[in-house]
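The structure under discussion appears below in the form of structure tokens.
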Amino acid sequence: MTTKAELRQQAKILRKNLQQDICSEKIVSHILNWEKFNTAKNIMLYYPVNNEINLLSLPDDKTYFLPKVVENDIQVCPFVKNRLVNGKFGIPEPAGETVENLNILDIIFIPALAADVRGYRIGYGGGYYDRFLQRLNNRTIKVIPLYSKLLLENIPTEPHDIKADFIVTENEIFSTSVKTVLS
21 MTTKAELRQQ
31 AKILRKNLQQ
41 DICSEKIVSH
51 ILNWEKFNTA
61 KNIMLYYPVN
71 NEINLLSLPD
81 DKTYFLPKVV
91 ENDIQVCPFV
101 KNRLVNGKFG
111 IPEPAGETVE
121 NLNILDIIFI
131 PALAADVRGY
141 RIGYGGGYYD
151 RFLQRLNNRT
161 IKVIPLYSKL
171 LLENIPTEPH
181 DIKADFIVTE
191 NEIFSTSVKT
201 VLS
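Residue numbers (the numbering used here): 21 to 203.
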């Protein structure tokens, strides 16, 4: 079986050649038509880097949050478009105060290099999101926006891995609890 490190490298290479703007536009369109998004009020995004899916064009009628890396943890901060600073990894993040009550989050969009149909993801290998996701309540919907070419049948998992509830690609949104084969 291919290791996470090997999959991570393959995904980075493949993602460089994918059309971020077109795929992001299609994914945003799916999200806008998704009932769970339409009923949500507080949504955590991520700032797209390295050809990640870009969700920053979602409409301003929600309250958005972005991650902020503090030491080895992800903290949550309100997203104000003109108040971003470069964070620990050079990724733009909010300059404001962190939110203590994570229970307010209705949906969190989680970046991924690749994911499988079960909802497990491969990130950059630092474990930041896995540690963060453990702190969320079960009500918060975890969603991975992903290029369909980076959707795999099965990736290696470890006990600390937290699976997402939904995956949205340029082709569809599906629940990871019912999806068993690629469509």
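Just so it is clear, CB atoms sit at the ideal spot from N, CA and C, and this is done for glycine as well.
To which residues of the same chain is K61 closer than 7 Å at the C-beta, ignoring the five residues directly before and after it?
K82, T83 and D126
Anyone know if the C-beta pair for V89 and G110 falls short of 8 Å?
no
Looking at the structure shown, is R17 part of a helix, part of a strand, or coil, going by DSSP?
As shown, the chain starts at 21 and ends at 203. That puts residue 17 outside it, with no answer to give.
Residues near I73 in its chain [Cβ-Cβ closer than 6 Å; skip 5 each side]:
S44, I47 and P165
Contained alpha helix (DSSP H) runs [length at least 4] in the stretch 98-184, N- to C-terminal order
148-153
Which residues in the same chain have their Cβ closer than 6 Å to the Cβ of P68, if we skip the five residues on either side of it in sequence?
N74
Name the DSSP beta bridge partners of K56, please?
BP columns for K56 are empty, so no partner.
Using only alpha-carbon positions, find the residue among T177, A115, L86 and E117 that is nearest to A135.
T177
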